[in-house]
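Numbering (the numbering used here), first residue to last: 79 to 246.
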């Protein structure tokens, strides 16, 4: 974050620096500052997909799901072939109660990148939200294998296995 702040000290007209500070603020849970810097970055350069994406994430944490959908859709319009953006575009949809749309978008991300681990995690979560525990296990198992058994990913599978009564 110090580098981004320093970049703003040198020249506060650099949109990417505002976006970077906004993202750092988002990671620090400083949502007011994150939103301010991301909106400023987008005023300067409306073609920054990452700033749209990060503003959407900020609005998700603020529970403004409809606005989050709007911003992530703009990111997706700018980068329609980026599996991370396409996958993340489903999250505010799911939180806004449009689970079918979230699943469609996440499957589109897998179509773009069949090894996109977070897409499988999201499909697992969406399956759990729809009370389809066995389907969720299938997605979580795929995510674990694709991630090389990364502990964060494996925790989702472990939790779902316990919920399914499979304690071994």
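Note that beta-carbon positions come from the ideal geometry of N, C-alpha and C, so glycine has one too. Predicted, not measured: the structure shown is a model, and the values here were computed from it.
Residue 180: first and last residue of the uninterrupted alpha helix (DSSP H) it sits in: Position 102 of the chain shown, counting from 1, holds the residue named residue 180. Taken as a continuous stretch (DSSP letters only), the alpha helix (DSSP H) holding residue 180 covers 177 to 190.
Rounded separation between residue 117 and residue 244 - CA only: The count along the chain shown starts at 1 and reaches residue 117 at position 39. The count along the chain shown starts at 1 and reaches residue 244 at position 166. Near 46 Å, if we compare the C-alpha coordinates of residue 244 and residue 117.
Other residues of its chain near residue 153: CB distance less than 6 Å, five sequence neighbours each side excluded: Locating residue 153 in the chain shown gives position 75, counting from the first residue. In chain order, 127, 130, 131 and 163 place their CB closer than 6 Å to the CB of residue 153, counting only its own chain and leaving out the 5 sequence neighbours on each side.
Cβ pair residue 143, residue 190 closer than 8 Å: For this step, residue 143 is matched to residue 65 along the chain shown. For this step, residue 190 is matched to residue 112 along the chain shown. For the 8 Å CB-CB criterion, residue 143 and residue 190 do not form a contact.
Candidates 107, 121 and 106: closest to residue 96 by CA position: Numbered from 1 along the chain shown, position 18 holds the residue referred to as residue 96. Of the candidates 107, 121 and 106, the residue whose Cα lies closest to the Cα of residue 96 is 121.
Supposed close pair residue 112, residue 104 - CB separation, criterion 8 Å: As a working note, residue 112 is residue 34 in the chain shown. As a working note, residue 104 is residue 26 in the chain shown. Contact flag correct, Cβ pair sits at about 4 Å.
Buried or exposed by the 16-neighbour rule on C-beta atoms within 10 Å, applied to residue 161: Here the question's residue 161 lines up with position 83 in the chain shown. By the neighbour-count definition (other C-beta atoms within 10 Å, threshold 16), residue 161 is a buried residue.
Opening and closing residue of the alpha helix (DSSP H) in which residue 91 lies: Looking up residue 91 in the chain shown gives position 13. That residue, residue 91, is in no alpha helix (DSSP H); it is neither H nor E in DSSP.
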